[in-house]
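293 is the number that the working numbering gives to position 159 of the sequence shown; each next residue is one higher, with no gaps.
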Amino acid sequence: MKLFYSVTSPYVRKVLVLAHEAGIVDRLEIVAATASPIERNEAIFAKNPLGKIPALVLDDGRVLFDSRVIVAYLDTLHDGTPFIPADGPAHFDALTMQALADGILDAALLCRYEITRPAEKVWEAWYDGQMEKIVSALDMLEASAVESLSGAVTISPIAVASALGYLDLRFKDNIAGADWRTGRPKLAAWYEGFSARPSMVATQPN
């Protein structure tokens, strides 16, 4: 299998953390690729018409995207406890937590794109609106979700940790003017512990 990859992509990191945790990372051939919203990368578009990474090329030539589909597929390739619970409330809780984490990333990437525009084209109200989504999601994690992240390793903590790692990478001290840890001691303590896992250390952006 070939995984189209960028070292700074938090969606790719989520895939790789799960692959490490599942013990199947050695089955992935990593193909370095850079995706941009304004510069077309033909190598990526040839596999994913949306031009996004990650994209996973299977041995039979089929291509899977996006990260949520890829982690669900990888979860079928190991013999351990599923990272996405198979059914019942736990299944939908895990998918919802992954959606929340991916929503943080979606908003963060929009903020990132906005602040890399020429200064005269930056839309501050748009930036602020996306940042409010991030703040609301972080506050919800602090208020009601840390305990659920602290149990078995599922897609929930993997996705949340990947999102928080991206905030550290791109928005250090800049989530509504402060580090995302400010006012969120439980979430910060949980992340400190989870980010020490070998799977997180191995996928740390350079």
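Glycine included, every Cβ here is placed at the ideal spot set by N, Cα and C. Because the structure is a prediction, the values reported are computed rather than measured.
- The region 182 to 194 and the region 140 to 160 touch, with three or more beta-carbon pairs separated by less than 8 Å.
- For valine 191, the uninterrupted beta strand (DSSP E) run begins and ends at 189 to 191, by DSSP.
- Relative to the Cα of glycine 311, the nearest Cα in the group Met334, Met265, Asn340, Ala279 belongs to Met265.
- Under DSSP, alanine 166 takes part in a beta bridge, and its partners are Tyr139.
- Here DSSP, grouped into helix, strand and coil, assigns alanine 233 to helix.
- The residue among Tyr145, Ala330, Ser278, Thr288 with its C-alpha nearest the C-alpha of alanine 220 is Thr288.
- In summary, glutamine 338 is exposed, with fewer than 16 beta-carbon neighbours lying within 10 Å of its beta-carbon over all protein chains present.
- Valine 256 is not a Cβ neighbour of serine 201, given a cutoff of 8 Å.
- According to the DSSP assignment, lysine 306 belongs to no alpha helix (DSSP H), since it is labelled neither H nor E.
- Annotated as proximal: asparagine 175 and alanine 169, with beta-carbon spacing under 8 Å.
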